[in-house]
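Undergrad: For the record, the sequence lines run as chains L and S.
Using the numbering used here, read the first sequence as starting at 1 and increasing by one per residue.
Using the numbering used here, read the second sequence as starting at 93 and increasing by one per residue.
All C-beta atoms, glycine included, are put in the ideal place defined by N, C-alpha and C.
Please read these numbers as outputs of a predicted model, since none were measured by experiment.
Handing you this structure, nothing more for now.
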Amino acid sequence: MIDEEDELLQIAKLGIEAEAFVRSPLGKYLMLKANAEISAAMDDLVSADPADVKLNTEIRVHIHTAKMFIIWVNEAANIGRQAHNQLRSLEE
Amino acid sequence: MPKAATVVENEEIPRVEMVESKDIIGTDDAEVAPNPEDPRAAIYAKRDEQLRQQAGEEEKLEAKEKPETKEKPVDEEITVVVNGREKLVAKSRIDAAGGVAAYQQRAAASEMLNQASADTRRLREHELHIQEREKQVSLRENAIIQTRNAEELSTPDALKEMVSEYHNAILNGEVEQAGSMLIKIQTTQSAMVVNKDEIASNAVRQARAEMDRDRDKSVQRRFEAERQEANLDFEERFPDVADDAKLRSMANHETIVIQAAHPDWSPKAIITEAAQSVRKWITERTAISSSEAKLNLKRATSNIRGGSAVAATRSIPPPQTKSNYVEQLRKQRGLE
């Protein structure tokens with residue numbers, strides 16, 4: 001029980017750090033860069049030759065990398081909130 | 093000298109006696125021509141002859157018994173050198189001694205004998221003095237040893253060396269050195285005794301000063317404790333005076349006056365007396381009834397004492413949980 005609470009506490013603290021990062025100037029800049037990369041890559045993907053498999057693959061990798069950055073940061077923040085809620089429910 | 097005088101008159105004796113006989117008899121002496129008609133002349137002449145013979149025999153006997161007296165008539169004095177010193181000596185004495193050389197030898201021998209006897213006497217006195225000093229030294233030595241054994245004092249090395257030198261001097265027969273060493277030892281010991289006394293007196297003085305300081309400190313601490321206790325009692329018993337700044341200052345001033353008047357009073361008595369005097373002054377000034385005064389006192393009292401009052405229990409904050417900790421972290425990071 002104690003170990004579970006400690007683990008939830010560590011996850012909650014990590015989520016706090018993720019949220020704080022997103023709200024920090026660096027986090028905001030990287031999120032904007034990631035979204036801009038995704039939109040640009042989407043435009044390239046639309047205008048690219050469908051028969052050019054290699055070019056389409058590179059554009060998709062760019063989009064996937066930028067999305068994964070955003071997903072991982074948001075995922076850490078969301079998991080932290082969930083851990084906090086679980087802690088509350090355990091203490092009640 | 094009387095003998096000499098008799099010897100000097102030896103040659104004159106017959107003449108004197110003849111004069112006396114002449115005076116007695118009333119006739120001339122032998123030098124005067126005898127009267128052949130006087131029948132006593134032959135008798136006198138015979139008697140004079142007997143007297144002369146008798147006197148001559150006595151002179152010879154005395155000369156034999158006291159030959160030196162014969163020198164007396166010669167009053168000449170001769171300068172004789174004896175042991176390098178010149179002195180005038182009667183010639184008769186020199187002749188009696190058998191000449192100048194013999195007299196010089198005898199006189200020199202006599203002087204040397206006198207000097208030798210004087211030296212011997214001085215040596216005896218010196219020896220007695222040394223023996224007395226040795227007795228004193230031995231007594232002092234015993235005293236030193238007893239003191240050392242009794243007090244188990246560690247004698248300084250310098251003193252030990254002096255004592256050993258003194259013993260060596262005594263054994264070697266060097267009396268003067270032993271005496272000087274003894275004086276040194278006594279001086280050193282007296283100095284040590286003085287130092288011990290001084291040290292002891294200093295220690296006693298310091299201890300007394302320290303005790304006085306401790307006593308003063310304890311008195312001050314006791315006085316301060318009593319003062320604080322009296323102050324609390326004053327605030328409890330005289331709240332009307334204690335809560336008013338002006339009256340309190342008056343009471344403070346009154347304590348100074350009372351303490352000067354009664355220095356033997358305790359702080360509590362002084363403060364109580366001061367507060368009572370201030371309160372009395374207030375009563376006299378206001379000239380109100382006692383009931384009103386009590387009422388005013390109650391009104392002026394800010395420290396209300398209640399018998400049934402119960403101290404409120406402080407709310408104990410709940411123990412901090414992990415969720416609360418997380419919330420605090422979120423607030424600290426500005427996330428909520």
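1) Answer with yes or no whether the minimum CB distance from R37/L to chain S is below 9 Å.
2) Any contact of the stretch 318-329 of chain S with the stretch 276-283 of chain S, i.e. 3+ C-beta pairs under 8 Å?
3) Does the distance from the CB of R340/S to the CB of T364/S come in under 9 Å?
4) The alpha helix (DSSP H) that contains A48/L, what's its start and end?
5) Counting C-beta neighbours from all protein chains within 10 Å, is the total for M273/S 16 or more, i.e. buried, or is it exposed?
6) By the 10 Å Cβ neighbour count, where 16 or more other Cβ atoms means buried, how is M68/L classified, buried or exposed?
7) Spell out a yes or no on whether the stretch 72-86 of chain L and the stretch 36-47 of chain L are touching, meaning 3 or more CB-CB pairs, one atom from each, closer than 8 Å.
8) In whole angstroms, give me the CA-to-CA distance for I436/S and S310/S.
9) Determine contact between the stretch 408-421 of chain S and the stretch 5-23 of chain L, defined as no fewer than three beta-carbon pairs at a distance below 8 Å.
10) When you check each C-beta in the stretch 306-339 of chain S against every C-beta of chain L, which residues fall closer than 9 Å?
11) Exposed or buried, which one is I262/S when buried takes at least 16 other CB atoms within 10 Å?
12) Counting contacts by CB-CB distance shorter than 9 Å, is L9/L in contact with chain S?
13) How long is the line joining the alpha carbons of L153/S and Q145/S, rounded to whole angstroms?
14) Taking the beta carbon of D6/L as the centre, do at least 16 other beta carbons fall within 10 Å, making it buried, or is it exposed?
15) Quick check on DSSP: helix, strand or coil for I170/S?
16) Distance check for P410/S and A66/L, CA to CA, integer angstroms please.
17) Which residues bound the alpha helix (DSSP H) around E257/S?
18) For the stretch 333-399 of chain S, list the alpha helix (DSSP H) runs that are entirely contained and at least 4 residues long, ordered along the chain.
19) Can you pull the chain B residues whose beta carbon is under 7 Å from the beta carbon of A20/L, in chain order?
20) Can you find a C-beta in chain S that's less than 9 Å from the C-beta of K13/L?
21) List the residues of chain S whose Cβ lies closer than 7 Å to the Cβ of L87/L, in chain order.
22) So what's K427/S in DSSP terms, helix, strand or just coil?
23) Could you give the distance in angstroms between the alpha-carbon of T119/S and the alpha-carbon of E150/S?
24) In terms of residue numbering, what span does the alpha helix (DSSP H) encompassing R177/S cover?
25) Would you mind sorting V99/S into buried or exposed? The rule is 16 or more other CB atoms within 10 Å of its CB.
26) Is any beta-carbon of chain L found at less than 9 Å from that of L389/S?
27) How should T375/S be labelled, buried or exposed, when 16 other C-beta atoms within 10 angstroms of its C-beta is the threshold for buried?
28) Quick check on R422/S: buried or exposed, where buried means 16 or more other Cβ atoms within 10 Å of its Cβ?
29) Go ahead and pull the three-state DSSP assignment for S282/S.
30) Mapping DSSP to helix, strand and coil, what is E318/S?
31) Label V173/S either buried or exposed according to how many other C-beta atoms from any shown protein chain fall within 10 Å of its C-beta, with 16 as the threshold for buried.
32) What number of angstroms, rounded off, separates the C-alpha of Q86/L from the C-alpha of S407/S?
33) Can you name the start and end residues of the alpha helix (DSSP H) that A92/L belongs to?
34) Mapping DSSP to helix, strand and coil, what is P410/S?
35) Residues of the stretch 36-59 of chain L with a CB closer than 7 Å to any CB of chain S: list them in chain order, please.
TA: In this structure, then:
1) The amino acid at residue 37/L is misidentified as Arg; the sequence shows Glu. Not one chain S Cβ lies under 9 Å of E37/L.
2) no
3) no
4) First-last for A48/L: undefined, no H or E at that position.
5) buried
6) exposed
7) Result no; under three Cβ-Cβ pairs closer than 8 Å.
8) Examination of residue 436/S is not possible in this model, given that chain S is present from 93 through 428 alone.
9) yes
10) none
11) buried
12) yes
13) 12 Å
14) exposed
15) strand
16) 46 Å
17) 249-264
18) Fully contained in the stretch 333-399 of chain S are the following alpha helix (DSSP H) runs of length 4 or more, in chain order: 337-353, 359-378, 382-392.
19) No chain B appears in this structure, whose protein chains are L and S.
20) yes
21) K414, S415, V418
22) Note on identity: in this sequence residue 427/S is Leu, with Lys being the wrong assignment. Taken through DSSP and simplified to helix, strand or coil, L427/S comes out as coil.
23) Bear in mind that the predicted position of T119/S carries a pLDDT of just 44, short of 50, making it unreliable; the figure below should be weighed with that in mind. Looking at the two C-alpha atoms, the distance is approximately 26 Å.
24) Per DSSP, R177/S belongs to no alpha helix (DSSP H); it is in the beta strand (DSSP E), 177-182.
25) Residue placement at V99/S is flagged as unreliable, the pLDDT there being 42, under the threshold of 50; the coordinate-derived value follows with that caveat. The residue in question, V99/S, is buried, as its Cβ has 16 or more Cβ neighbours within 10 Å.
26) No, because no Cβ of chain L sits closer than 9 Å to the Cβ of L389/S.
27) Exposed.
28) buried
29) helix
30) helix
31) Classification for V173/S: exposed.
32) 29 Å
33) Looking at the sequence itself, residue 92/L is Glu, so the reference to Ala does not match. Counting along the chain, E92/L falls outside any alpha helix (DSSP H), and DSSP gives it neither H nor E.
34) DSSP places P410/S in coil when its eight states are reduced to three.
35) If the cut-off is 7 Å between Cβ atoms, the stretch 36-59 of chain L has nothing near chain S.
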